[in-house]
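Student: Here our numbering is used: position 111 in the sequence shown is 917, and no number is missing along the way.
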Amino acid sequence: MLNAAPDIFRTFSPWALTGVLGLLGSAWALSAWQQLGVGKDLLWSAARATVQLGIMGFVLGWLFRQHQPWLLLVFLVLMILMAGRFNRKRGAGIPHAYWIGVGSIGIAATVTLAWMLFSGLVFWRGESLVPIGGMIIGNAMNAVSLALNRLRSEIDQREDMLLAMLALGAGRRQAMRSLYGIVVRSSLIPTIDSLKSVGMIHIPGITAGMILAGMAPLAAVSMQLVVMLMLTASVTLSVSTAVLLAAPYALTFAQRTEG
């Protein structure tokens, strides 16, 4: 059991890589056949992921050898700043979407990592802090993107009602309050569904990786539970913060388009 992971990686031959590329090629062929319009994105994303993961491997190897706490913080801050770029794209039409994403993800990452450090679940080492921080930032980024996109859509659909409320004297936050719950709930659907189905429908990556590395299944699923709860809490915090920060600006944008 302890040699499971090395055995798997020894079998990762050029033929195995060809097989993986063949699977991606079949997805591209299906997109081209049915004219789904995602083939180019699939290939570009795969190429980009390959380059990024390769660079990340070298960077993390260097970072872990430095043993400098401030470098870990700089690295996590850079990840948050880069995550804001994706939020800006998904939140197109909402003023300050980039900084809203950066702020909400930063708050969620800071609170979650601080709690985990204080409770001893994470240690102030690169091998511990960076992977956990990366999971928090990545999941928060995806959820905030969903939230900003859904907020923009809800405002477009209800713009007349919102503008009428403003005309009757309601403040911007008061007018937007009815949308908060709708946007937050819809943005949390993937996270909550994942939490509900874990261990019953799918085996998450952390559990699978730890088992392949030789860890006892019970220990692996215990760590997975901690991570899932951590991610659910951080995603909820980031989405709620993003909606509260973005709502007034999004409504201001709607007013400008109306005029």
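All C-beta atoms, glycine included, are put in the ideal place defined by N, C-alpha and C.
Keep in mind the model is a prediction, meaning the values are calculated, not measured.
Excluding the 5 residues flanking residue 809 on each side, which residues of the same chain have their C-beta closer than 6 Å to its C-beta?
Tutor: Note that residue 809 scores a pLDDT of 48, beneath 50, so its modelled location is shaky and nothing firm can be said.
Student: How is residue 1033 classed by DSSP in three states: helix, strand or coil?
Tutor: Residue state, collapsed to three classes: helix.
Student: For the pair the region 949-959 and the region 1043-1056, tell me if three or more CB-CB distances fall below 8 Å.
Tutor: With the cut-off at 8 Å, the region 949-959 and the region 1043-1056 touch.
Student: Less than 7 Å between C-beta atoms, sequence neighbours within five positions excluded: which residues of the same chain meet that for residue 1055?
Tutor: Excluding positions up to five away in sequence, the list reads 900, 901, 902.
Student: Under a three-way DSSP split, which group does residue 928 fall into?
Tutor: Of the three classes helix, strand and coil, the one that applies to residue 928 here is coil, per DSSP.
Student: Quick one, are the C-beta atoms of residue 933 and residue 870 less than 7 Å apart?
Tutor: It is a contact, given that the beta carbons lie within the stated cut-off.
Student: For a quick check, are the C-beta atoms of residue 1044 and residue 946 less than 7 Å apart?
Tutor: Cβ atoms of residue 1044 and residue 946: closer than 7 Å.
Student: Between 830, 1033, 959, 1039, which has its C-alpha nearest residue 937's C-alpha?
Tutor: Per the Cα distances, 1033.
Student: Measuring CA to CA, which of 931, 1040, 843, 971 is closest to residue 872?
Tutor: Checking every option, the nearest Cα to that of residue 872 belongs to 931.
Student: If we ignore side chains and look at the alpha-carbon of each, how far apart do residue 962 and residue 984 end up?
Tutor: Near 14 Å, if we compare the C-alpha coordinates of residue 984 and residue 962.
Student: Starting from residue 842 and walking both ways along the alpha helix (DSSP H), at which residues does that stretch end?
Tutor: From DSSP, residue 842 is part of no alpha helix (DSSP H); its letter is neither H nor E.
Student: Going by other Cβ atoms of all chains shown within 10 Å of its Cβ, with 16 needed for buried, is residue 857 buried or exposed?
Tutor: Per the 10 Å Cβ criterion, exposed.
Student: According to the Cβ coordinates, are residue 913 and residue 943 closer than 7 Å?
Tutor: No, the Cβ-Cβ distance between residue 913 and residue 943 is not below 7 Å.
Student: Return the first residue and the last residue of the alpha helix (DSSP H) that residue 875 is part of.
Tutor: Taken as a continuous stretch (DSSP letters only), the alpha helix (DSSP H) holding residue 875 covers 875-896.
Student: To the nearest angstrom, report how far apart residue 935 and residue 878 are at their CA atoms.
Tutor: For residue 935 and residue 878, the distance between alpha carbons rounds to 8 Å.
Student: Where residue 1017 and residue 1026 are concerned, what is the direct C-alpha to C-alpha distance, given to the nearest angstrom?
Tutor: Looking at the two C-alpha atoms, the distance is approximately 7 Å.
Student: Could you check which residue in 1042, 831, 867, 853 has the C-alpha nearest to that of residue 987?
Tutor: Closest by alpha carbon: 1042.
Student: Can you give me the C-alpha to C-alpha distance between residue 874 and residue 950, rounded to a whole angstrom?
Tutor: Those two C-alpha atoms are separated by around 30 Å.
Student: Apart from the five residues just before and just after residue 1061, which ones in its own chain have a Cβ nearer than 6 Å to its Cβ?
Tutor: Per-residue confidence for residue 1061 stands at a pLDDT of 47, beneath the threshold of 50, marking its modelled position as unreliable; the derived number appears in the next sentence. Closer than 6 Å at the Cβ level, and outside the excluded window around residue 1061, lies no residue.
Student: Taking the CB atoms as reference points, tell me whether residue 939 and residue 884 lie closer together than 7 Å.
Tutor: Result no, Cβ atoms of residue 939 and residue 884 do not sit closer than 7 Å.
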